[in-house]
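Residue numbers (this note's numbering), protein chains in the order written: chain A, 149 to 299; chain B, 1390 to 1902. A virtual CB, placed ideally from N, CA and C, is assigned to each residue, including glycine. On a predicted model such as this, the values are computed, not experimentally measured, just so you know. Read through the structure below, which is laid out as structure tokens, and then see the notes.
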């Protein structure tokens, strides 16, 4: 109830205007949305379009949405020390400890844009290969340790 | 915080202790318990107390509530803060009173800020109000009837606030450190605000969780890990003492456990040893040991080879190196003695054999202790079955011999003693595995042997048919008493030596095997 009401309002607002570099792709239900983001002011990501998948629970926005990058022919997974090559993002904003119900789809996109914009390291997180090979958990069930406050 | 409801006790997570928490163990329960200092117990001052026993107290949920309330009341006046704020400060400092007072006196404003109490905490109490033209940032509704904000000014409609608190309390099990829903706001939702917003079952759950955090935060308190048990244990043994003390405590629910690690009682072995031993037994590191004991390596390319028949002339399938399985030396040196290796003293095979022998020895040593450990564990399980059958036996005995209920209790105490002694014995073998030899190990092993013999004697009697049990009553009671006595002697002796640092346990440095 709360989730669909809130998402409906977010959608109305996004029709009017969206922050630069953010495009809605598929927002036709209240379970799963696709959004595209661009980060043109960082040479690492210049010219690329990255696709984000938002999955909402009924508890949204009290509960954080699940947000991952998805890969297809035209959308790679950005290389970043906090983004695993399977698209899982390690960001405290998306964890229950850092999530605030005031956040919304657009603000998450903006936060991810700025996380990419400020990055200078062209690398994956340590242990990426192992994590991607062995992880079967959903992002919200993973206990990330947020040790890097700079992002 | 005056909940009197029952709450479930679940496994207490490994507590993170603060190193500077030495002073938070204030005596906060008015009971005058017989507290002799830990160090002096093994002297003859208190003969009733054994060296392996530690002081502890069982706390009911009401005791825990009272302890918290008392500490808050005492400190509230000192800090010149209302009780609610004092409670928040306490939780913020994880109930470390000294650190709280220290920091507070040092920099009051910074502490209040950090605890989420920055604005004048005493002034106007929180209230629900309608604010014209207000839009809630959570549900995006315009002009909701009821809104709420704490002093931080992050205002939301009451429904959203309630939903937020419900999620935090019910789903995430948070209580003491729920923050304002505002983005990046660190203000903690205080109990006055909470009382305004939550009701009924949620309030009860909240109070439970608050009590839990108190116990989790206090180094001297731990929940009894038994299922459904509501008690916590108060014990002053600290983490750093655990190499020298094995603090077994007895909860009022009947569960014996180690205060250090909350595992089942594992005297006389210290927690670190137990942890290491369990890991060793669970790891497949022993598979590796098996391999090194049952296979050999090619002396040249080090491929692992298991010989499953044939003559001693080995040709490594990988590197084509030819060697003798018996002496590990080069085959060409063997001359004409094709199927018999009698060159035992030759140097070429000496080193390869040495490595092999070592690994074999270590494995056998481990197996020696493991088999005995496992045997007692298994027997303890069987004893448990016996314990269940005991009642039936006791009944049968009552029926067939006309003995009264009180007269057949010797079976019950025998069974219990048996279980207790087996548990102790089991751990003596893990203990012995890590024990470096010195002149005290002989005494330890003698004690172990005496206890083991006593236990096996009693165990044997227990399996006698019911009609013989009556005649064995006196003997059985004697043997029960003897077992218990041997166990006390062993534990006492080991505890004293452990405390004095007379025993060299190889649990810090990994033993090579």
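task = Assign residue 181(A) to buried or exposed, taking buried as 16 or more other Cβ atoms, counted over all protein chains shown, within 10 Å of its Cβ.
result = buried
message = With H, G and I counted as helix, E and B as strand and the rest as coil, what does DSSP make of residue 1504(B)?
response = coil
inquiry  = Can you check whether the C-beta of residue 1529(B) is within less than 8 angstroms of a C-beta belonging to chain A?
reply    = yes
request  = Measure the beta-carbon distance from residue 1843(B) to residue 1811(B) and round it to whole angstroms, keeping in mind my assumption that it falls under 8 angstroms.
outcome  = About 11 angstroms; that fails the 8 angstroms criterion.
message = Using only CA atoms, which one of 222(A), 272(A), 235(A) and 209(A) lies nearest to residue 178(A)?
response = 209(A)
task = Could you tell me how far apart the beta carbons of residue 1443(B) and residue 1622(B) are, in whole angstroms, since I believe they sit closer than 8 angstroms?
result = Wrong, their Cβ atoms sit about 10 angstroms apart, outside the cutoff.
task = Using a Cβ-Cβ cut-off of less than 7 angstroms, list which residues of the region 264 to 292 of chain A approach chain B; keep chain order.
result = none
query = Does the count of Cβ pairs from the region 1795 to 1806 of chain B and the region 1862 to 1870 of chain B closer than 8 angstroms reach three?
reply = yes
ask   = DSSP puts residue 181(A) in a beta bridge; with which residues?
value = 202(A)
key: Cβ pair count under 8 angstroms reaching 3, the region 1460 to 1475 of chain B against the region 1644 to 1658 of chain B   = no
key: Distance CB(residue 1717(B))-CB(residue 1689(B)) smaller than 8 angstroms   = no
message = Residues of chain B with CB closer than 8 angstroms to the CB of residue 242(A), please, in chain order.
response = Per Cβ cutoff of 8 angstroms: no residues; residue 242(A) is ~13 angstroms from chain B at best.
query = Mind checking whether residue 1869(B) and residue 1825(B) have CB atoms under 8 angstroms apart?
reply = no
query = Taking all protein chains shown into account, do 16 or more other C-beta atoms lie within 10 angstroms of the C-beta of residue 1496(B), making it buried, or fewer, making it exposed?
reply = exposed
request  = Name, please, each residue of chain A whose Cβ falls closer than 8 angstroms to the Cβ of residue 1553(B).
outcome  = 210 and 249
request  = Within its chain, find whatever has a CB closer than 8 angstroms to the CB of residue 1765(B); leave out the 5 residues flanking it on each side and keep chain order.
outcome  = 1811, 1812, 1814, 1815 and 1818
message = Does chain A have any CB closer than 8 angstroms to the CB of residue 1571(B)?
response = yes
query = Does the separation of the CB atoms of residue 173(A) and residue 199(A) fall below 8 angstroms?
reply = yes
Cutoff 8 angstroms: residue 159(A) Cβ touching any chain B Cβ = no
ask   = From residue 192(A) to residue 220(A), what distance separates their C-alpha atoms?
value = 19 angstroms
query = Quick one: what's got a C-beta closer than 6 angstroms to residue 187(A)'s C-beta in the same chain, skipping five residues either side?
reply = 193, 261, 264 and 265
ask   = Along the region 151 to 182 of chain A, what residues have a CB closer than 7 angstroms to any CB found in chain B?
value = 153, 154 and 157
key: DSSP bridge partner residues for residue 1703(B) (one or two, in chain order)   = 1712(B)
query = Taking Cβ positions, are residue 1893(B) and residue 1828(B) nearer each other than 8 angstroms?
reply = no
task = Determine whether the Cβ of residue 1637(B) lies closer than 8 angstroms to any Cβ atom of chain A.
result = no
request  = Quick one: grab the DSSP three-state call for residue 250(A).
outcome  = coil
message = Under 8 angstroms, Cβ to Cβ, is there at least one residue of chain A near residue 1556(B)?
response = yes
key: CA nearest to the CA of residue 1786(B), picked from 1762(B), 1756(B) and 1857(B)   = 1857(B)
query = For a contact meaning CB atoms closer than 7 angstroms, what does residue 1705(B) contact in chain A?
reply = Within 7 angstroms Cβ-Cβ: nothing; residue 1705(B) doesn't reach chain A, min ~33 angstroms.
request  = Using 10 angstroms around the beta-carbon of residue 1886(B), count the other beta-carbons present and answer buried if the total reaches 16, otherwise exposed.
outcome  = buried
key: Residue from 1665(B), 1515(B) and 1484(B) whose Cα sits closest to the Cα of residue 1538(B)   = 1515(B)
task = Give the interface partners of residue 1606(B) over in chain A, defined as CB-CB distance under 9 angstroms, in chain order.
result = The premise fails here: residue 1606(B) is roughly 18 angstroms from chain A at the closest Cβ pair, so nothing lies under 9 angstroms.
message = Looking at chain B, is there any beta carbon in it that lies within less than 8 angstroms of the beta carbon of residue 195(A)?
response = no
query = When you compare each of 1715(B), 1660(B), 1661(B) and 1670(B) to residue 1756(B) by their alpha carbons, which one comes out closest?
reply = 1670(B)
task = Provide the residue span of the beta strand (DSSP E) that contains residue 230(A), from first to last.
result = No beta strand (DSSP E) holds residue 230(A); DSSP gives it neither H nor E.
ask   = Exposed or buried, what is residue 1579(B) when buried is set at 16 or more other beta-carbons lying within 10 Å of its beta-carbon?
value = buried
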